[in-house]
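Under UniProt numbering, the sequence shown has 48 at position 48, and the numbering climbs by one with no breaks. Note that CB positions come from ideal geometry on N, CA and C, so glycine has one too.
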Amino acid sequence: MINAVLIDDEEIALDLLEILLAEIGGVTVSGKFLHAADALNHMAVSDVDLVFLDIEMPGMNGLYAAERLAAIHPSVQIIFVTAYHEYAVDAFDVNAMDYLLKPLSKMRLVKALERYGKRQEPHRADAAEHPAAERNDSAVLAPLRLRVLGSLELFGAGDSLVAWRTKKVKELFAYLWHTHGEPVHRHRILADLWPDTEAVRAQQIFHTTMYHLRSLLKKLGFPNAISFADERYVMRTDCVHSDAQTLMMRLRKPGNEPIGDMLALYRGDLLEAEAYTWAVPLRLQLRADYVRLLERSVRAATDEDQEAIWRKLIALEPYSEMYYDEMLHLLAGRGDIAAIRKLYEELKDRLNKELGMQPSARIRSFMEKFGQ
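Put into structure tokens, the structure is as follows:
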């Protein structure tokens, strides 16, 4: 027997739906609610399989209510009910199981329930094969591997690259990740990710995006990765391990790891390819901390590692003549005149083309020894 909850701001619509479900059979209606907030309170203490939810309601939009419902019961299935065809598109955008257009058709309702039954078959088979004691949600799963240095890449099972439904789903994931387990108010999320979008539309897009993100994480084995409470969202820190986390640990406690590993780890600035404005403060902080680490490490490094470090610093700070100066002196110590001249030409061309400047008097004086 399916345990269902009905939510609609029109009482007659609730009554009609309950009558149709009774005629079809196989469904127990455990609650009918005119307000989504009341349904949320009911579901907080009750097990529910299926929710029939009107999209356009005063007080709490159905898409927002769906997000709240998913936070309480990640496995709950939602069938949206709407009088407007354009909202049917939104229903599929939030990965609803189905949608019904008003006035309701008994035949269409039967098809929706059949679709629900088919969706449950794999879950029932899995439950039979793997008892609850063996299925411990995401606790037995290794964290997803995440790259955020240079560009964002998330890897799922078998180290397969995860595809994002939309750019905003990807950005919302990155945003929640970068808060490092700190709850963030939904108003702040809206302001940071949809600053130029009208408020009502922004909320609608946000809840659609959040629904898609939850669905993706659920498919990857982490159905409870994102929680919601007190108007704030938080993503668990144990479901993802990133290259940035590795970098932060090494910045806090530098070890004896090979210089080559440290240089290879920093593929680029944090979320550099995505260029998210909200990520700029952390991006600049990580870069500055990494540069300081390299500057501290270079003096104790071997000659070969020193060259690699100076070249990395030049790549990070291409207008810093200090790094060029150090590299030129390193090459001079080797007597590599060809490499000295090549590096100097690189500096001279860069400063001239991009800043309309020439190298400092100190470097020009140094290069006179080499016929420059």
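Paired residues, beta bridge with Ala4 - DSSP: Looking up residue 4 in the sequence shown gives position 4. DSSP, once it has assigned bridges, lists Val29, Leu50 as partnering Ala4.
Extent of the continuous beta strand (DSSP E) to which Gln77 belongs: By one-based count along the sequence shown, residue 77 stands at place 77. 77-82 is the span of the beta strand (DSSP E), which, as asked, contains Gln77.
contact_flag[the region 241-255, the region 217-230] where n(CB pairs < 8 Å) is 3 or more: no
Three-state secondary structure (DSSP) of Ala225: One-based indexing of the sequence shown puts residue 225 at position 225. Note: Ala225 maps to coil in three-state DSSP.
Per-residue DSSP class, three states only, for Ala132: Numbered from 1 along the sequence shown, position 132 holds the residue referred to as residue 132. The pLDDT assigned to Ala132 is 44, lower than 50, so where the model puts this residue is not dependable, and the model offers no usable value.
Option nearest Glu231 by Cα separation, candidates Asp238, Tyr323, Gln203: Within the sequence shown, residue 231 is the residue found at index 231, counting from 1. Minimum Cα distance to Glu231 is reached at Gln203.
Residues bridged to Val110 [DSSP beta-bridge criterion]: Looking up residue 110 in the sequence shown gives position 110. DSSP, once it has assigned bridges, lists no residue as partnering Val110.
The region 34-54 contacting the region 3-10, beta-carbon criterion three pairs below 8 Å: yes
Backbone secondary structure at Leu146 - three-state DSSP: As a first step, residue 146 must be located in the sequence shown, where it is residue number 146. Three-state DSSP puts Leu146 in a strand.
Under the three-state DSSP convention, the category Ser297 falls into: Position 297 of the sequence shown, counted from the start, is the residue given in the question as residue 297. Looking at Ser297 - three-state DSSP - the assignment turns out to be helix.
Gln77 vs Met97 beta-carbon contact at 7 Å: Residue mapping note: residue 77 aligns to position 77 of the sequence shown, counting from 1. Residue mapping note: residue 97 aligns to position 97 of the sequence shown, counting from 1. Going by C-beta atoms, Gln77 is nearer than 7 Å to Met97.
Cβ pair count under 8 Å reaching 3, the region 246-265 against the region 190-197: no
Given Ala142 as reference, the closest of Phe206, Leu63, Val200, Asp238 once Cα atoms are compared: For the purposes of this step, residue 142 is taken as the residue at position 142 of the sequence shown. Nearest C-alpha to Ala142: Asp238.
For Phe155: DSSP bridge partner residues: Residue numbering aside, residue 155 sits at position 155 when the sequence shown is read from its first letter. Paired residue(s): Arg145, Leu161.
Beta-carbon contacts of Asp137 that lie in its chain and below 7 Å, excluding the five residues immediately before and after: By 1-based counting over the sequence shown, the position of residue 137 is 137. The pLDDT assigned to Asp137 is 48, lower than 50, so where the model puts this residue is not dependable, and the model offers no usable value.
Secondary structure of His35, DSSP reduced to three states: For this step, residue 35 is matched to residue 35 along the sequence shown. Coil at His35, not helix or strand.
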